[in-house]
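Novice: Just so we're aligned: 309 in the UniProt record's numbering is position 309 of the sequence shown, and the numbers increase by one with no gaps anywhere.
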Amino acid sequence: MREDDGRKLDHKTLEALRVRAVGQVEKGARVEDVAAALGLNRSSVFKWVAAYHAGGKKALRARPVPGRPPKLSGVQTEEIYQIVAGTNPDQHQLDFGLWTRDLVRQIIATRFGVELSLPSVGRLLHKLGMSPQRPLHRAWQSDPQAVAEWREQVYPPIAAEAKKKGAVIFFGDEASVRSDYHSGTTWGVIGRTPVVKTTGARFSVNMISAVSAQGKLRFSIVDGTMNATRFLDYCRRLLRDEGRPVVLIVDGHAAHKAKKVRKWVDSTEGRFTLVHLPAYSPFLNPDEWVWKNVKADRVGRHAITGPDQFKALAVAGLRRLQRLPQIVRGFFADPDLAYINAAA
1 MREDDGRKLD HKTLEALRVR AVGQVEKGAR VEDVAAALGL NRSSVFKWVA
51 AYHAGGKKAL RARPVPGRPP KLSGVQTEEI YQIVAGTNPD QHQLDFGLWT
101 RDLVRQIIAT RFGVELSLPS VGRLLHKLGM SPQRPLHRAW QSDPQAVAEW
151 REQVYPPIAA EAKKKGAVIF FGDEASVRSD YHSGTTWGVI GRTPVVKTTG
201 ARFSVNMISA VSAQGKLRFS IVDGTMNATR FLDYCRRLLR DEGRPVVLIV
251 DGHAAHKAKK VRKWVDSTEG RFTLVHLPAY SPFLNPDEWV WKNVKADRVG
301 RHAITGPDQF KALAVAGLRR LQRLPQIVRG FFADPDLAYI NAAA
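1. With a threshold of 7 Å on Cβ separation, who are the neighbours of alanine 228 within its own chain once the five nearest residues in sequence on each side are excluded?
2. Spell out the partners DSSP gives histidine 276 in its beta bridges.
3. Can you check DSSP and say which residues form a bridge with glycine 172?
4. Leucine 217 to arginine 236, Cα distance in whole Å?
5. Quick one: is isoleucine 221 buried, meaning 16 or more other Cβ sit within 10 Å of its Cβ, or exposed?
6. Quick one: what's got a C-beta closer than 7 Å to isoleucine 83's C-beta in the same chain, skipping five residues either side?
7. Buried or exposed: where does threonine 13 fall if 16 or more other Cβ atoms within 10 Å of its Cβ makes it buried?
8. If distances are taken between C-alpha atoms only, which option among Val22, Leu116, Gly56, Ala210 comes closest to proline 286?
9. To the nearest angstrom, report how far apart serine 267 and isoleucine 158 are at their CA atoms.
10. Using a Cβ-Cβ cutoff of less than 7 Å, which residues in the same chain neighbour phenylalanine 171 once the five nearest sequence positions on both sides are dropped?
11. Could you tell me the boundaries of the alpha helix (DSSP H) in which phenylalanine 328 lies?
12. How would you label valine 75, buried or exposed, when you count the other beta carbons within 10 angstroms and need 16 or more for buried?
13. Would leucine 94 and arginine 105 be called neighbours here (beta carbons separated by less than 7 Å)?
14. Report all residues from its chain with a CB closer than 6 Å to the CB of aspartate 251; omit the five preceding and five following residues, and keep chain order.
15. Is arginine 218 helix, strand or coil by DSSP?
16. Short of 6 Å in beta carbon distance, which residues of its chain neighbour leucine 128, apart from the five on each side in sequence? Order them along the chain.
17. Alpha carbon to alpha carbon, how far is alanine 51 from aspartate 33? Give it in angstroms, no decimals.
18. So, helix, strand or coil for serine 131, using DSSP?
19. So valine 31 and arginine 42 are supposed to be a Cβ contact under 8 Å. How far apart are they, rounded?
20. Alpha carbon to alpha carbon, what distance is there between glycine 28 and arginine 111?
21. With a threshold of 16 other CB atoms inside 10 Å of the CB of serine 281, please say whether the residue is buried or exposed.
22. Does the Cβ-Cβ distance between tryptophan 264 and leucine 239 come in under 7 Å?
23. Rank Gln322, Ala343, Asp143, Ser204 by C-alpha distance to the C-alpha of lysine 311 and give the top, closest one.
24. Which same chain residues, not among the five before or five after valine 22, have their C-beta less than 7 Å away from its C-beta?
25. How is the alpha helix (DSSP H) around glycine 112 delimited, first residue to last?
Shown next, in the form of C-alpha cells:
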C-alpha cells in the first residue's frame, strides 16, 4: 500500500485518484480515513480538497488549468483541521468557548495572513468533514486526577472481577425531561421566525436507565422525584430481569448512597455490586448519551400537547433504543469512554 502523494503515478491514474479522494470527502468521509484507504498521506488529500474548493473539478485534472489558486495550501488546510478538531478556542487566547466561523476566520488571518469570508470558511469546514454540533459540557469541578485513577486503576479491576464471576456491567443515570425543552431548527422565511404551537402547561417526565457495552438498555419511568426507595426498586428489578450478577455504576446522587440501598446490596452477597463514579464526571458515563438521544433528538423535536403524549414520546424514544442495540453500543465509541472497551 502506498503512503505518499501519488506523484509516481501516471497523469490519468493520478487524476482518477484525486477525483475519487475528493469525492469521498464530499460524501462525508473523514480525510484521515480516505488517505488511509487510498494509501496516501493526509497532506495530499487536504491539498486536493483545498484545490477543489477553490477551482472545482477542473483543479483536479492532471494538467494544470488556468484559474485562481487556492488561498490556503494543503499544509495550511490540514493545520486548520487539526486546530478545530483537536483544540478549544480558549487555548488560542480567544474569548468564546465554541468554534464559530468567525473564530476560525480569525485563526486563518492570524496564522497565515489570509482573509476569507464567512461563507468561504463555512465551505472549507464542510469540505473537511465538519459541521456545527451540540457540545458535551464538562464541569470545571471535575478532578483530573480522580478521573485518571478511575480509568487506569479503579475500573480495570472492576471489569476483571465482573468477567470472572460472569456479571454484566451497567452504567446508570437518571434524567428529567420538561415539556418546554426544545431542540433542533426548522426552515422558515428569512426574517420571519417560525412559531411552533405547544401547550402552555409545564410538566416533566422523570426516568432512570442503564446501558451495557453489549447494547442492552434497561429503563423505567419514575413517578415523582428520584429517591432511595425508587432507586432500590429499579435495582431489584434490574437484578431479577438479568438473572445473573450485576455491577451497576452510577454517580454520587444521595439516593444511590442511602442506607437502605447499601443494606440491600450487602444482602445480595455479591450478586449486585454498586459502584460510584468520580464526582462531576458525567463524561465517564455512557448512559449520558441515552438522555441526549431521547431529550434532544426525540422529545425535544415534537410539539407537546399534553402530559400523556409527552410521556409516550419519552417511552417511545427509550424503546427505540432497546430495539437498536447497535446504537447503544455506539455510545461506547465516545473517546472519553475508551477505557471501558480497553478493559473488556
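Beta carbons: idealized from backbone N, C-alpha and C, even for Gly.
Specialist: Answer, in terms of the structure:
1. Along the sequence shown, read from residue 1 onward, the residue named residue 228 stands at position 228. Hits under 7 Å: Ala255, Ala258, Lys260, Val261.
2. For the purposes of this step, residue 276 is identified with residue 276 of the sequence shown, where counting begins at 1. Bridge partners of histidine 276: Val250.
3. Taking the first residue of the sequence shown as 1, we reach residue 172 at position 172. Answer is Ala210.
4. By one-based count along the sequence shown, residue 217 stands at place 217. By one-based count along the sequence shown, residue 236 stands at place 236. In a straight line, the C-alpha of leucine 217 is about 16 Å away from that of arginine 236.
5. Counting from 1 along the sequence shown, the entry for residue 221 is found at position 221. Exposed: under 16 other Cβ atoms inside 10 Å.
6. Counting from 1 along the sequence shown, the entry for residue 83 is found at position 83. Here the set comprises Ile107.
7. In the sequence shown, the residue the question calls residue 13 occupies position 13. With fewer than 16 Cβ atoms within 10 Å of its Cβ, threonine 13 is classed as exposed.
8. The residue labelled residue 286 in the question sits at position 286 within the sequence shown. With distances taken between Cα atoms, proline 286 lies closest to Ala210.
9. On the sequence shown, residue 267 is found 267 positions in, with the first residue counted as 1. On the sequence shown, residue 158 is found 158 positions in, with the first residue counted as 1. Spanning the two alpha carbons is a distance of roughly 20 Å.
10. For this step, residue 171 is matched to residue 171 along the sequence shown. So the list reads Ala210, Val211, Ile249, Asn285, Pro286, Asp287, once near-sequence residues are dropped.
11. As a working note, residue 328 is residue 328 in the sequence shown. A small fix is needed here, since residue 328 is valine in this sequence, not phenylalanine. It spans 325–331 - the alpha helix (DSSP H) in which valine 328 sits, taken as one unbroken run.
12. Along the sequence shown, one-based indexing puts residue 75 at 75. Exposed, because fewer than 16 other Cβ atoms sit within 10 Å of the Cβ of valine 75.
13. To locate residue 94, count along the sequence shown from 1; it is residue 94. To locate residue 105, count along the sequence shown from 1; it is residue 105. No; because the gap between Cβ atoms is not below 7 Å, this pair is not in contact.
14. As a first step, residue 251 is located in the sequence shown; it is residue number 251 there, counting from the start. Closer than 6 Å at the Cβ level, and outside the excluded window around aspartate 251, lie Leu277.
15. Here residue 218 corresponds to residue number 218 of the sequence shown, with the count starting at 1. Arginine 218: strand per DSSP, three-state reduction.
16. For the purposes of this step, residue 128 is taken as the residue at position 128 of the sequence shown. For leucine 128, where only same-chain residues beyond five positions count, the Cβ hits under 6 Å are Tyr81.
17. Stepping through the sequence shown from its first residue, residue 33 is reached at position 33. Stepping through the sequence shown from its first residue, residue 51 is reached at position 51. Using only the alpha carbons, I get a separation of about 19 Å.
18. Along the sequence shown, read from residue 1 onward, the residue named residue 131 stands at position 131. Of the three classes helix, strand and coil, the one that applies to serine 131 here is coil, per DSSP.
19. By 1-based counting over the sequence shown, the position of residue 31 is 31. By 1-based counting over the sequence shown, the position of residue 42 is 42. The pair is a contact, with the Cβ atoms about 6 Å apart (cut-off 8 Å).
20. As a working mapping, residue 111 is identified with position 111 in the sequence shown. As a working mapping, residue 28 is identified with position 28 in the sequence shown. Spanning the two alpha carbons is a distance of roughly 27 Å.
21. Here residue 281 refers to the residue found at position 281 of the sequence shown. Counting Cβ neighbours within 10 Å, serine 281 comes out buried, since at least 16 surround it.
22. The residue labelled residue 264 in the question sits at position 264 within the sequence shown. The residue labelled residue 239 in the question sits at position 239 within the sequence shown. No, the Cβ-Cβ distance between tryptophan 264 and leucine 239 is not below 7 Å.
23. Against the sequence shown, residue 311 aligns to sequence position 311. Closest by alpha carbon: Ser204.
24. Walking along the sequence shown from the start, residue 22 turns up at place 22. Excluding residues within five positions, the ones whose Cβ falls inside 7 Å are Trp48, Val49, Tyr52, Leu60.
25. Sequence index remark: in the sequence shown, residue 112 carries index 112 (1-based). Residue identity check: residue 112 is phenylalanine in the sequence provided, not glycine. Start and end: 101–112.
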